[in-house]
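Some notes on the structure that comes next.
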Amino acid sequence: MEFEAIRKETMMLNPQENMAEQRIPSEIRIDPLTGRTARICHFMKLQWEKPDFDAMVAGTDAWCPFCPEKVLDITPCFPTDLVPEGRMQKDDMVIFPNIAPYDSIGACATFGARHYIPMTEFEPAHMAAAFGFAQDFFQRVDASGHPEAVYHIVNWNYMPPAGSSLIHPHLQVFSTSSAPNLMWAELEAARYYQESEGTNFWEDLVAAEKQTGERYLGRIGRTEWLTAFAPMGVAGDVLAVVEGACSTLELTEQDFLDIAAGLQKVMGAYDRMGVYSFNMNFFTGAQGDDHTRFHLLFSPRTFFNQALGTPDIGALRNLFNETLCMAYPEEINDLLKGAFG
Ligand SMILES: [Zn+2]
């Protein structure tokens, strides 16, 4: 396993110190699977001011379509051949068609009746139940023999900086035969890796990261937790790889509890940095894709300028799809490792 980085240095003259030379390092890292590049630069202390959440949330429940008094009136229903009862319900969680679908089988899953759940108040059992409920939906799609029943994906945009237009916590749940860009690139690269190396990339990655320990966080059940070598998030990414599982449909109730337990630790650690928003995606193979392993990526979201509301994605990322991370992933690992004990 090669962890390749190209190191660079910028030289400038500092007028505050009599034009003394100032040298600023940066690094371009190459993702060991896909060859995607990620810049480690723009260094700053990973600490942000939390906003006034009461002010941010105040009044948003009045127009929230996912609150319990509206969700069963406002949200659409599935065709009866897919979900005969219209919407799926379990405890106070509801799954209904996404009114802005990404694909032909697109749904939203609420976390329940509570309109605002602070990041540190998500209980593992609650998150595991929501993931398991999404899997119930995928099982129905799969059983229906629908042509989109290939990749079963859960995305989570938590809070507005991560792209959520609502405060009310919910998951994007969709099945598709068209793997999204990066997931597709990973699947192709992992297939090529297995054909050329004779081993599984994800197993080799976990073994290599365990050996150096620089980016390894820990193991929960059969889930291995790492900080990503070439992260996409400005405050790093956390990767969880489920040993022996290729696809979402293969995950067990215990896997969801283990994943949720890890997420709770990661959320707690980022909360201490003042981060209150994140993206989380399932990266899944199709059933039988033994060249891959199910993994999820947790990527904290924040601002370049919090006071101005400047998002953490600019031209570099938006148009070049080149990412930047404002600290070395090994230092980010130090900030997270304590939570894993
Ligand atoms: Zn609500």
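Just so you know, my numbering puts 238 at position 250 of the sequence shown, and the rest follows in order with no gaps.
Where is the CB? At the ideal position from N, CA and C, for every residue including glycine.
State the Cα-Cα distance for the pair residue i and residue j, rounded to the nearest angstrom.
i: Q242; j: E57; result: 32 Å
i: A97; j: I83; result: 4 Å
i: E238; j: H134; result: 18 Å
i: W144; j: F266; result: 8 Å
i: E111; j: F41; result: 19 Å
i: F31; j: C313; result: 8 Å
i: I(-6); j: E212; result: 27 Å
i: I141; j: T272; result: 7 Å
i: Q182; j: L285; result: 22 Å
i: M7; j: S165; result: 58 Å
i: V229; j: S14; result: 28 Å
i: T200; j: A218; result: 16 Å
i: E(-3); j: S184; result: 35 Å
i: K38; j: D259; result: 9 Å
i: F119; j: N321; result: 26 Å
i: F126; j: A137; result: 8 Å
i: G94; j: C65; result: 12 Å
i: A274; j: L304; result: 32 Å
i: E(-10); j: E73; result: 51 Å
i: I208; j: A113; result: 15 Å
i: Y180; j: A167; result: 17 Å
i: H283; j: F270; result: 6 Å
i: M255; j: T108; result: 6 Å
i: L193; j: A216; result: 11 Å
i: D277; j: T236; result: 11 Å
i: Y204; j: E5; result: 40 Å
i: T240; j: S92; result: 26 Å
CB of residue i to nearest heavy atom of ligand 1: below 7 Å?
i: G52; result: Sequence check: residue 52 is Cys here, not Gly. Result yes, Cβ under 7 Å from ligand 1.
i: C55; result: yes
i: D49; result: yes
i: H279; result: no
i: H114; result: no
i: H156; result: yes
i: H103; result: yes
Just to check my reading of the structure: residue i and residue j have Cβ atoms closer than 8 Å, yes? What is that Cβ distance to the nearest angstrom?
i: A122; j: V59; result: With 8 Å as the limit, A122 and V59 do not qualify as a contact, their Cβ atoms being about 16 Å apart.
i: S153; j: Y146; result: Not confirmed; about 12 Å, so no contact.
i: A295; j: L34; result: Actually they are not in contact, since the Cβ atoms of A295 and L34 sit about 18 Å apart, beyond 8 Å.
i: E310; j: R27; result: 6 Å
i: E174; j: T290; result: Actually they do not touch by this definition, with Cβ atoms about 25 Å apart.
i: L245; j: L227; result: Incorrect: roughly 19 Å between the Cβ atoms, too far for contact.
i: L331; j: S163; result: Coverage of the chain is limited to positions -11 through 329, which leaves residue 331 absent and any answer about it impossible.
i: G206; j: P288; result: Going by Cβ atoms, the distance from G206 to P288 rounds to 18 Å, so no, they are not a contact pair.
i: T68; j: P53; result: The pair is not a contact, with the Cβ atoms about 22 Å apart (cut-off 8 Å).
i: M115; j: G100; result: With 8 Å as the limit, M115 and G100 do not qualify as a contact, their Cβ atoms being about 11 Å apart.
i: T280; j: C234; result: 6 Å
i: Y139; j: V45; result: Going by Cβ atoms, the distance from Y139 to V45 rounds to 34 Å, so no, they are not a contact pair.
i: M261; j: L323; result: 7 Å
i: E(-8); j: L1; result: With 8 Å as the limit, E(-8) and L1 do not qualify as a contact, their Cβ atoms being about 32 Å apart.
i: D124; j: M76; result: 7 Å
i: A257; j: A195; result: With 8 Å as the limit, A257 and A195 do not qualify as a contact, their Cβ atoms being about 24 Å apart.
Where does residue i sit, in a helix, a strand or coil, going by DSSP?
i: M0; result: strand
i: G74; result: coil
i: N86; result: coil
i: M255; result: helix
i: E318; result: helix
i: G221; result: coil
i: R305; result: helix
i: F291; result: strand
i: E(-8); result: strand
i: V263; result: coil
8 Å is my cut-off, CB to CB: does residue i come that close to chain D?
i: E9; result: The question asks about chain D, but that chain is absent: this structure has only one protein chain.
For a minimum of 3 consecutive residues, which ranges assigned as the beta strand (DSSP E) are wholly contained in the region 106 to 186? 139 to 146, 158 to 164
Only counting runs of 3 or more residues, tell me where the beta strand (DSSP E) segments fall wholly within the region 1 to 57, in order along the chain. 8 to 18, 25 to 28
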